[in-house]
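Colleague:
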Amino acid sequence: MEVFRFVSLLCFSWIFLIRDTNQLQSSQTQVLLQLRKHLEYPKQLESWVNNGIDLCYISSPQVNITCQDNFVTEIKIFGDMQKRASSFNGFPIPYQTLSQNFSMDSFIATLSRLNSLRVLSLVSLGIWGEIPDKIHRLQFLEYLDLSWNFFYGSIPQTISRIVKLETLKLDGNFLNGTFPDWFDSISNLTSLSLKNNLLNGPLPSSVQRITSLNDINLSNNGISGKLFDLSSLSRLRWVDFSNNRLDSELSIMPKGVIVVLLSNNSFIGRIPEQYSQLNQLQQLDLSRNSLQGTIPAGIFTLRSIVSLNLTSNMFSGSIPIHLSCGSKLVSVDISNNRLSGLLPFCLRSNVKSRAVKFTGNCLLTNSNNQRPETYCVENIREKKKSHLKNLGILIGVIGGIVVILALLAFGFLVFCRRYCPRGTSEQHLLHNTVQDNSVTGFTSEILTNARFISNTSKLGSQGIPAHRLFSIDELNAATNFFDKSTLIGESSIGKIYKGRLETGVWVAIRCLRVSKRFTIRNLKLRLDLLAKLRHPHLVCLLGHCIESEVKDQFGANKVYLIYEYVPNGNYRAHLSETNSEKVLKWSDRLAILIGIAKAVHFLHTGVIPGFLSNRLKANNILLNEHRMGKLSDYGLFVVAQEIDKDKEGGDGLKSWEMKSLEDDIYSFGLILLESLVGPSVCARKESFLLNEMVSLGNSEGQKRIVDPTVLASCSQESLSIVISLTINCISPESSTRPSFEDVLWNLQYAAQVQEAKDGDRKIGKTLLSP
Ligand SMILES: *[C@@H]1O[C@H](CO)[C@@H](O)[C@H](O)[C@H]1NC(C)=O
Ligand SMILES: *[C@@H]1O[C@H](CO)[C@@H](O)[C@H](O)[C@H]1NC(C)=O
Ligand SMILES: *[C@@H]1O[C@H](CO)[C@@H](O)[C@H](O)[C@H]1NC(C)=O
Ligand SMILES: *[C@@H]1O[C@H](CO)[C@@H](O)[C@H](O)[C@H]1NC(C)=O
Ligand SMILES: *[C@@H]1O[C@H](CO)[C@@H](O)[C@H](O)[C@H]1NC(C)=O
Ligand SMILES: *[C@@H]1O[C@H](CO)[C@@H](O)[C@H](O)[C@H]1NC(C)=O
Ligand SMILES: *[C@@H]1O[C@H](CO)[C@@H](O)[C@H](O)[C@H]1NC(C)=O
């Protein structure tokens, strides 16, 4: 120690000798020595002794003094009183603060005698007290840092009179006033840091006018209220308001912002779309708020983004699976939200350079740290419910009126039954029809209207002959009296024969046994309905023949439905095709699926809306000579019975699947699945759904499961769209399934993406057709 002292003394004397002409004015030295006394002789200042040594140019990790023209311009002292009480009541604490003798007032008075002082940094020195008004006497300060001391009370407004101030740091004190509203009057303020204090109350709107501001650190305070639109602060790069109590919606941010930290507040609403344009943004932390809605996909793709933390909010919906993440993105945390659907490819574990946390959502992934789907929809639904409450009352009133009218109508019908002539009244027939179809949801209104829709066959079915009656003789001639050799299909609801009419036209004749309950007239009405369903992607019903018109023994009716003959086999057979010329490429499959989706959409919403269960199956999709898909077996529930007990080989329907089959969306989902993985995989339906579906979400799983033909001919993006669509369609929760319009839209989108990829003209044509 003695040696060290001696050496440093030697050094100082040497500095003294060469700096002779530049000697710090002795008055300035006196001030420094007094400061040392004020600060109660901290050991960092041990070397300050009054023996004529120049105190300038002392440089150590803890202490820097800089002088210019014999005046002190910079003082930086880092003390070691880092121990910090959790609260402070304004009275000194031994070993943590300076003693009772310390007076902030006289300390400032002493400092103000250094009248060239530009930089003052006194950190962790145990200084305590309120910041005195007199602080403005340090009028030339550009940099003031009094962090990690024991200041309390409010920040005195006189600071605004230090006009050259550029940096103000008061972190880690016990300042407990409100956030000052006069910072905008310091014209050159670039950095403001008031972290870890007890500031409270709302932010004043004047923050929007501190236009010189570069960075603002206000984390760990109790600031509440609204976050103002900060876009006027064009130089702002760093925004840290984390761990406060701000409870507004998120505000728009200036374009050049680099870091935005808003975690652990009470922010509500959505992420503004504008965040997708913050091209300088590197770090965005919105964790632990009450934000909702979908996450704008744009924030994942930002050019500079490195880290995104959105954990513990209420974000819902799904993130587009074909997202392309920004190239610098290394950390993403979307855990503990209400996200559903598939995880985008660029956020999966196969991207090694990227750490992604996604637990606690309802995503379809392999990991088991996800919540059940219901968790993610519940909240959204509850909201809707409350919205609908008022509407509910209105509906209740209207409903009441309707019930009364219905009772009157019923009375009238009963009256009619008794007194109107039997079996001939149209009302009677319609009434029957309605009863028979109550399961399928037809109302008498639809049926009546349907009868008056004329020329429906015009709808996109040019060139197809009008629906007509066939005679049994004609059919006998066409099929050689239904010879066994003409039988081409059989199911629980009847046989199908292939026949050739006199005109040379090939037809398929479906032979159906229909309910005894239908009168002939009623049956005709039903067949008329079927005849109105004409669409280029529906196998056309050319006409019918009711055998019981000829002879009727038990009242059971035999009906023949005559369809156009579609020669090229069914879709399922084509999917198992291995001949490379006949095999259906991805774009071919999409084209067929789009056609069928259009047809089903037509059945649901077209001329006669409400044809909702249509036995959608891959082998009910027939292909014509141009490999255009046409749906058969649609709408048969109108005439046939017992359709539900379909026991066709291989399907083995069980439990929830059974119920789901009533839903065309679900059935169509299975067709999509078959298009993706091929019929053989799909035959193991239930186990497949439970075990393999999830692995469709990742690329290894895809390689394993997806039909190699598809993999070889699809673009990844197009495939992803259809995979996520499929998963949505066969969701066990029917309310979360998409509408057919969505299905159609997604398929067309997937086809466009594919078309763009391989410039295939064929799909383009299909898209243009109705
Ligand atoms: C003093 O300056 C040196 C070198 O410029 C630096 O390493 C040190 O951290 C500074 N000390 C303080 C207290 O600012
Ligand atoms: C700030 O803290 C001091 C010391 O604990 C206390 O005396 C004063 O009342 C507080 N002021 C406010 C506005 O809370
Ligand atoms: C406080 O000041 C008194 C008188 O000026 C002095 O006796 C005492 O030692 C000082 N206490 C400390 C901790 O410096
Ligand atoms: C603010 O900074 C600019 C550029 O550094 C300077 O010219 C101007 O004098 C400063 N204003 C004040 C009030 O110090
Ligand atoms: C705000 O805090 C960050 C991280 O602690 C720091 O890098 C930045 O310089 C701070 N800004 C100010 C003005 O202190
Ligand atoms: C969140 O902020 C509050 C202050 O508003 C703080 O007390 C709490 O510790 C913070 N939570 C976390 C996890 O940082
Ligand atoms: C996201 O923020 C939370 C706290 O708000 C933190 O616990 C978590 O570690 C952060 N995630 C990442 C990836 O940094």
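Positions -23 to -1, 1 to 747 (mature numbering (1 follows the signal peptide of the UniProt record, and there is no 0)) are the ones given, in order, by the sequence shown. Idealized CB from N, CA, C, for every residue including glycine.
1. Under a Cβ-count criterion, where at least 16 other Cβ atoms within 10 Å of its own Cβ denotes burial, should Arg445 be classed as buried or exposed?
2. Quick one: is Lys305 buried, meaning 16 or more other Cβ sit within 10 Å of its Cβ, or exposed?
3. Specify, as a first and last residue, the run of the beta strand (DSSP E) that Ser284 falls within.
4. Which value, in whole angstroms, describes the spacing of the CA atoms of Leu561 and Arg604?
5. Under the DSSP definition of a beta bridge, which residues are partnered with Cys488?
6. Grouping DSSP H, G and I as helix and E and B as strand, with all else coil, what is Gln731?
7. Measure the alpha-carbon distance for Ser162 versus Ile187 and round it to whole angstroms.
8. Thinking Leu316 and Leu341 are a contact (beta carbons under 8 Å), I'd like their distance in whole angstroms, please.
9. Taking the Cβ atom as the reference point for each residue, do Arg592 and Leu570 lie within a distance shorter than 8 Å?
10. Helix, strand or coil: which one does DSSP assign to Arg222?
11. Could you tell me whether the Cβ atoms of Ile200 and Asn173 are closer together than 8 Å?
12. Are Pro656 and Leu552 touching if we call contact CB-CB under 8 Å?
13. Between Gly67 and ligand 2, is there a pair consisting of the residue's CB and a ligand heavy atom that are separated by less than 7 Å?
14. How is Cys706 classed by DSSP in three states: helix, strand or coil?
15. Hey, would you say Cys323 sits closer than 8 Å to Leu287, going by beta carbons?
16. So, using beta-carbon positions, are Ser267 and Ile245 closer together than 8 Å?
17. Could you work out which residue in Pro715, Gln347, Ser196 is closest to Ser240 when comparing CA atoms only?
18. From the DSSP output, read off the bridge partner residues of Ser308.
19. Can you find at least 3 beta carbon pairs, one from the region 69 to 87 and one from the region 11 to 18, that sit closer than 8 Å?
20. Using 8 Å as the threshold, is the region 29 to 47 in touch with the region 65 to 73, meaning 3 or more CB pairs across them?
21. Tell me the rounded alpha-carbon separation between Pro179 and Gln260.
22. Within the structure, which residues are defined as neighbours of ligand 4 by a Cβ-heavy atom distance below 7 Å, reported in chain order?
23. Go ahead and label Lys528 buried or exposed: buried means 16 or more other beta carbons lie within 10 angstroms of its beta carbon, across all protein chains shown.
24. For the putative contact between Tyr540 and Ala485, defined by C-beta atoms under 8 Å, what is the C-beta separation to the nearest angstrom?
25. Can you tell me whether Glu479 is buried or exposed, with buried defined as 16 or more other CB within 10 angstroms of its CB?
26. Indicate whether Ile473 and Gly481 have their beta-carbon atoms separated by less than 8 Å.
27. Rounded to whole angstroms, what's the CA-CA distance from Ser308 to Gly678? Just pull it up for me.
28. According to DSSP, is Ile245 part of a helix, a strand, or is it coil?
29. Excluding the five sequence neighbours on either side, which residues of its own chain have a C-beta within less than 8 Å of the C-beta of Phe429, listed in chain order?
30. Quick one: give me the first and last residue of the beta strand (DSSP E) that Phe156 is part of.
31. Would DSSP call Asp460 helix, strand or coil?
32. With C-beta atoms as the reference, is Ile573 less than 8 Å away from Gly520?
33. Please classify residue 749 as buried or exposed, where buried requires at least 16 other C-beta atoms within 10 Å of its C-beta.
34. By how many angstroms is the C-alpha of Lys232 removed from the C-alpha of residue 766?
35. How is Pro109 classed by DSSP in three states: helix, strand or coil?
36. Does DSSP classify Arg214 as helix, strand or coil?
Modeller: On the basis of the coordinates in this document:
1. For the purposes of this step, residue 445 is identified with residue 468 of the sequence shown, where counting begins at 1. Exposed, because fewer than 16 other Cβ atoms sit within 10 Å of the Cβ of Arg445.
2. Within the sequence shown, the letter at position 328 stands for residue 305. By the 10 Å Cβ count, Lys305 comes out exposed.
3. As a first step, residue 284 is located in the sequence shown; it is residue number 307 there, counting from the start. Where Ser284 is concerned, the enclosing beta strand (DSSP E) stretches over 284 to 286.
4. Looking up residue 561 in the sequence shown gives position 584. Looking up residue 604 in the sequence shown gives position 627. One C-alpha to the other measures close to 9 Å.
5. Position 511 of the sequence shown holds residue 488. Bridge partners of Cys488: Lys472, Tyr537.
6. What you label residue 731 is simply residue 754 of the sequence shown in a count that begins at 1. Helix, per DSSP.
7. Counting from 1 along the sequence shown, the entry for residue 162 is found at position 185. Counting from 1 along the sequence shown, the entry for residue 187 is found at position 210. Whole-angstrom Cα-Cα distance: 8 Å.
8. Mapped onto the sequence shown, residue 316 falls at position 339. Mapped onto the sequence shown, residue 341 falls at position 364. So it is not a contact: roughly 10 Å between Cβ atoms.
9. Counted from its first residue, the sequence shown places residue 592 at position 615. Counted from its first residue, the sequence shown places residue 570 at position 593. Their beta carbons are not under 8 Å apart, which means Arg592 does not touch Leu570 by this criterion.
10. Taking the sequence shown and counting its residues from 1, the one referred to as residue 222 is at position 245. DSSP places Arg222 in strand when its eight states are reduced to three.
11. Your numbering for residue 200 matches position 223 in the sequence shown. Your numbering for residue 173 matches position 196 in the sequence shown. Cβ distance not < 8 Å, so Ile200 and Asn173 don't count as in contact.
12. Indexing the sequence shown from 1 puts residue 656 at position 679. Indexing the sequence shown from 1 puts residue 552 at position 575. A contact, by the Cβ cut-off of 8 Å.
13. For the purposes of this step, residue 67 is taken as residue 90 along the sequence shown, with counting starting at 1. The answer is yes for Gly67.
14. Taking the sequence shown and counting its residues from 1, the one referred to as residue 706 is at position 729. Reduced to three states, the DSSP call for Cys706 is helix.
15. Stepping through the sequence shown from its first residue, residue 323 is reached at position 346. Stepping through the sequence shown from its first residue, residue 287 is reached at position 310. No, these two residues do not count as a Cβ contact at 8 Å.
16. Residue 267 sits at position 290 when you count from the first residue of the sequence shown. Residue 245 sits at position 268 when you count from the first residue of the sequence shown. Cβ distance < 8 Å, so Ser267 and Ile245 count as in contact.
17. Position 263 of the sequence shown holds residue 240. For the residues Pro715, Gln347, Ser196, the minimum Cα distance to Ser240 belongs to Ser196.
18. As a working note, residue 308 is residue 331 in the sequence shown. Looking at the DSSP assignment, Ser308 forms a beta bridge with Ser284, Ala332.
19. yes
20. no
21. Counting from 1 along the sequence shown, the entry for residue 179 is found at position 202. Counting from 1 along the sequence shown, the entry for residue 260 is found at position 283. Distance between the alpha carbons of Pro179 and Gln260: 25 Å.
22. Val140, Lys141, Ser164, Asn165
23. Numbered from its first residue, the sequence shown carries residue 528 at position 551. Because the pLDDT at Lys528 is just 47, under 50, the model does not fix this residue reliably, and the value given afterwards should be weighed accordingly. Classification for Lys528: exposed.
24. The count along the sequence shown starts at 1 and reaches residue 540 at position 563. The count along the sequence shown starts at 1 and reaches residue 485 at position 508. With 8 Å as the limit, Tyr540 and Ala485 qualify as a contact, their Cβ atoms being about 5 Å apart.
25. Residue 479 sits at position 502 when you count from the first residue of the sequence shown. Exposed.
26. By one-based count along the sequence shown, residue 473 stands at place 496. By one-based count along the sequence shown, residue 481 stands at place 504. Against a cut-off of 8 Å, the Cβ pair of Gly481 and Ile473 comes out as no contact.
27. Taking the sequence shown and counting its residues from 1, the one referred to as residue 308 is at position 331. Taking the sequence shown and counting its residues from 1, the one referred to as residue 678 is at position 701. Using only the alpha carbons, I get a separation of about 24 Å.
28. Locating residue 245 in the sequence shown gives position 268, where the first residue counts as 1. Strand at Ile245.
29. Locating residue 429 in the sequence shown gives position 452, counting from the first residue. Confidence is the limiting factor: at Phe429 the pLDDT is only 35, short of 50, which leaves the residue's position unreliable and the question unanswerable from this model.
30. Taking the sequence shown and counting its residues from 1, the one referred to as residue 156 is at position 179. Looking at the DSSP string, Phe156 is not in any beta strand (DSSP E), and its letter there is neither H nor E.
31. The residue labelled residue 460 in the question sits at position 483 within the sequence shown. It is coil, neither helix nor strand.
32. Counting from 1 along the sequence shown, the entry for residue 573 is found at position 596. Counting from 1 along the sequence shown, the entry for residue 520 is found at position 543. No, the pair does not count as a contact, with Cβ atoms beyond the cut-off.
33. One cannot answer for residue 749 here, as it falls past the ends of the chain, which runs -23 to 747.
34. Any question about residue 766 goes unanswered here, given that the chain covers just -23 to 747.
35. As a position in the sequence shown, residue 109 is number 132, starting the count at 1. Coil at Pro109, not helix or strand.
36. Reading the sequence shown from its first residue, position 237 is the one you call residue 214. Arg214: coil per DSSP, three-state reduction.
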